[in-house]
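Protein sequences, first through last, are from chains A and B. Counting in my numbering, the first sequence runs from 1 upward without gaps. Counting in my numbering, the second sequence runs from 1001 upward without gaps. For glycine and all other residues, C-beta sits at the position ideal for the given N, C-alpha and C. Below: the structure, in structure tokens.
There are 2 protein chains.
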Amino acid sequence: MHPNPQRFLDSLHALRAIGAVGTGVVRPAYSDKDIEARKWLAGQFRDAGLAPYFDPVGNLFGLAGDGPSLLMGSHSDTQPEGGWLDGAYGVMAALEVARAAKEAGGPAVSVVSFQDEEGRYGVTTGSTVWAGGRSLEDADGLTASDGSTYAQGRARMADLVSGGFLDPARFTGFIEAHIEQGPYLDTAQEQVGVVTSIVGIRDMRITLTGQSNHAGTTPMHLRRDAFQGLADFNRKLNDRLRNVVRPETVWTIGHVSLHPNGSSIVPGRVTFSMQWRDGESDRLARMETIIRETAAEVAAERGLGLEFGRMLGLEPVTMDDRLQQALAEAAEAEAPGKWRRMPSGALHDTTNVARHMPVAMLFVPSIGGVSHNFEEDTREEDLVVGLNVLARAVAAL
Amino acid sequence: MHPNPQRFLDSLHALRAIGAVGTGVVRPAYSDKDIEARKWLAGQFRDAGLAPYFDPVGNLFGLAGDGPSLLMGSHSDTQPEGGWLDGAYGVMAALEVARAAKEAGGPAVSVVSFQDEEGRYGVTTGSTVWAGGRSLEDADGLTASDGSTYAQGRARMADLVSGGFLDPARFTGFIEAHIEQGPYLDTAQEQVGVVTSIVGIRDMRITLTGQSNHAGTTPMHLRRDAFQGLADFNRKLNDRLRNVVRPETVWTIGHVSLHPNGSSIVPGRVTFSMQWRDGESDRLARMETIIRETAAEVAAERGLGLEFGRMLGLEPVTMDDRLQQALAEAAEAEAPGKWRRMPSGALHDTTNVARHMPVAMLFVPSIGGVSHNFEEDTREEDLVVGLNVLARAVAAL
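In structure tokens, the structure reads:
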């Protein structure tokens, strides 16, 4: 079974061109560019002898016949300002492996590009709904920061839908290749990471409501300043989490929206995102308790209203031993001494697919550990080594 | 000289109706509603025998003949979500006093509604440019938070301009009536405040630049999180300012803009507003030093880029003794024992006009001290007492 590196790289760059902005890509879920990319992918699947299938939320499958097959892939939607490899690498590597398998009369390999992995409306929304982690009715109510709903998003590609949701039972397993999006492989000058587990994630919006008022005539001691409430919450939270976290635990306030957001007005309201990740469910739960208690304490101290949004989350997931072993042996053959087993700090569609079948993941290095950023990149030789490891593992399975 | 309370209240409510939203008003500088209100005001001036005059930035005057006259007024633009009396009270009270003066054959009283007092593009921009505090060329470069320039804003009413800037020398003095926008008069159940001085203000944008990166795979110790930089700056600043401020000193972070502002991305950049006010220039300067040093320190500690925007500011101003005394005597006559002398924590157009003529200000209470808010309100009897104090003082001058 012999994948074609040049054909693979050409396809990868062709996808990159759709929504390209400088060195990066802007192709958020259900945007014109995202839909254009999925139509192009469907054509690529057809050319490779795979039957394109769009499910009701826009997950795009390339099916290797009606019988059982191994599923491989990732996602082709991007962050608002995304890199060119995040998701795209796993989809195009899967396509090349499927091509090579067909050419070699090897195992049946189907390909998938899940929709809204980057969480414009939720967290890995497309694979979550497909895997039954959230009902479609429930997901339809999710809103993006621009106020649009998931229902409105998926309606933009309703004309492409092939039919209902595919039965996961038709797939014998799932392998997702992805860039590491972290600094570990690059720092160690290694080429491949065989994932052992994926960390769990919790994400919710928190709103603090005070009183917007004149910034010149309202004495400091009479203010109910929502931004000061947020800053106070952030400081207390950082102090308190130190007691429960591990070095690999992360937490982030990435979105902040002040109201009315004028320089001469004491902020009356702030809505912000609170996201935290760790490999252990217990720790995630302990962190949630501290977050809720700290917010309640700050709100009470400052006379602020407090509202918690719905909490989105995914549990930590362990990779399948057999698939993981096949990837490890292929890694040692293709990149002897230059690979490692490692957990994934990033969330992936694999987390959801694991509800229905054995799963595994393969990482290639991210230069400087940079991702979710226009500068995101990986050395071409590492992209190809990753492809070869995948092909070798699939042939061995 | 006898002002007509009902005629005054009717005019005030007629102005309120232009851009009314619930109990509040949305009439930001150069918006359709702001321009509509100024056209309506010009008609009111004409009916009162005052000659309407729009200057190049949209400041609207109602001139009592070509000879010397006393200027009275305030502004008719509002905050993005403004109250119905902020600015409007001073303009309509001035108009009623001008009407009463004409009817009684009293002193010549001209009226003005300055443009962009609320600082959509700067700080009291219209009166600043008229008074020569900033060149028109310079002001044209100011931008609003929606990215539009002052030049684009004033171009929206270019068709109304009557001619060049009026010579301030034609006016013998300026009196501005305004709601207090603070809690002092209302708390003390007093009806009138005679202003002794107006605090100075400093306002600038600060930008901290780090590295936007994946919120799941970037270890906490490797992050250059711009929001964490802002929170750290805010905490250190609050601690350090305690040593130089007085109870009446205020400082505010009212505008915050994160980039890219996604819940799964470590924030790579934050731009925020830093505004501070006090009655003494020396203290304002000491605060500026602490603000700049603290920002530089936080940026250095966290490896963040730091950029200070242009600093807008106005110096503290003392009211004219003679005008102030006339208002004080009228206040004692109209509201015996229910008035006080007090500083203004809010900035007003009077600050700029003071460069060219004697100035004074009169306050009426704000219920609950609430302002820059739809709930802003004042008891009707207090609105009328303020009107009567103005008329009596003008007659006595």
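Of the candidates A:V57, A:R7, A:T78, A:T78 places its Cα closest to the Cα of G1262 (chain B). In this structure, DSSP gives A1346 (chain B) a state outside helix and strand, which the three-state scheme calls coil.
Scanning its chain for C-beta atoms nearer than 6 Å, with the 5 sequence neighbours on each side dropped, one finds around M1361 (chain B) the residues E1176, V1195, T1350, in chain order.
For I253 (chain A), a Cβ of chain B is located within less than 7 Å of the residue's own Cβ. Taking the Cα positions, R1099 (chain B) is about 19 Å away from H1178 (chain B).
Closer than 9 Å at the C-beta level to chain B, one finds these residues of the segment 145-163 of chain A: S145.
Going by C-alpha positions, T1187 (chain B) is about 9 Å away from S1366 (chain B).
When DSSP states are grouped into helix, strand and coil, F1233 (chain B) belongs to the helix group. For the segment 1126-1195 of chain B, the full-length beta strand (DSSP E) segments reaching 3 residues or more read 1171-1179 along the chain. Annotation: the continuous beta strand (DSSP E) that includes V364 (chain A) extends over 359-364. The CB of Q1275 (chain B) comes closer than 9 Å to the CB of A215, G216, S263, S264 in chain A, given here in chain order. The distance from the Cβ of G1254 (chain B) to that of P1260 (chain B) is about 22 Å, inconsistent with a contact at the 8 Å cut-off.
For the segment 18-33 of chain A, the beta-carbon criterion of a distance under 9 Å to any beta-carbon of chain B is satisfied by none of its residues. Listed in chain order, the positions of the segment 357-373 of chain A with a beta carbon within less than 9 Å of a beta carbon of chain B are S366, G369, V370, S371, H372, N373. Close to chain A, meaning a Cβ-Cβ distance shorter than 8 Å, are the following residues of the segment 1166-1196 of chain B: E1180, Q1181, G1182, P1183.
In the pairwise beta carbon analysis, the segment 218-229 of chain A is classified as touching the segment 1242-1254 of chain B: at least three pairs are separated by under 8 Å. When beta bridges are read from the DSSP output, S263 (chain A) appears opposite no residue. CA-CA distance, E1381 (chain B) to Q1191 (chain B), rounds to 9 Å. Neighbours of M1220 (chain B) across chain A, judged by C-beta separation under 7 Å: V250.
P1336 (chain B) is classed as exposed because its beta carbon has fewer than 16 other beta carbons within 10 Å across all chains shown.
In this chain, Y1030 (chain B) is not harboured by any beta strand (DSSP E), its DSSP state being neither H nor E.
Against chain A, the CB of F1045 (chain B) has no partner CB under 7 Å away; the residue lies outside that interface.
In this structure, the beta-carbon distance from G1229 (chain B) to R1302 (chain B) falls below 7 Å. Look at the segment 265-325 of chain A and you find these whole runs of beta strand (DSSP E), each 3 residues long or longer: 269-278, 305-308, 312-314. Shortest Cα-Cα distance from M157 (chain A) to any of A:P56, A:L312, A:L71 involves A:P56.
The Cβ-Cβ distance between G1216 (chain B) and L142 (chain A) does not fall below 7 Å. Collapsing the DSSP output to three states places L1383 (chain B) in a helix.
Burial is judged here by how many other beta carbons sit within 10 angstroms of a residue's own beta carbon; T1124 (chain B) has at least 16 and is buried. Considering only beta carbons, the part of the segment 335-360 of chain A lying closer than 9 Å to chain B consists of S344, G345, A346, L347, in chain order.
Annotation: G1090 (chain B) is outside any beta strand (DSSP E); the continuous alpha helix (DSSP H) that includes it extends over 1088-1103. DSSP, reduced to helix, strand and coil, places T252 (chain A) within a strand of the structure shown. Among the residues of the segment 1284-1314 of chain B, none has a Cβ less than 8 Å away from any Cβ of chain A. Taking a Cβ-Cβ threshold of 7 Å, the residues of chain B close to F227 (chain A) are I1253, V1256, in chain order. Close to chain B, meaning a Cβ-Cβ distance shorter than 8 Å, are the following residues of the segment 64-95 of chain A: Q79, P80, E81. Taking a Cβ-Cβ threshold of 7 Å, none of the residues of chain A is close to A1100 (chain B); the smallest such distance is about 29 Å.
DSSP lists A:V111, A:I175 as the bridge partner or partners of M72 (chain A).
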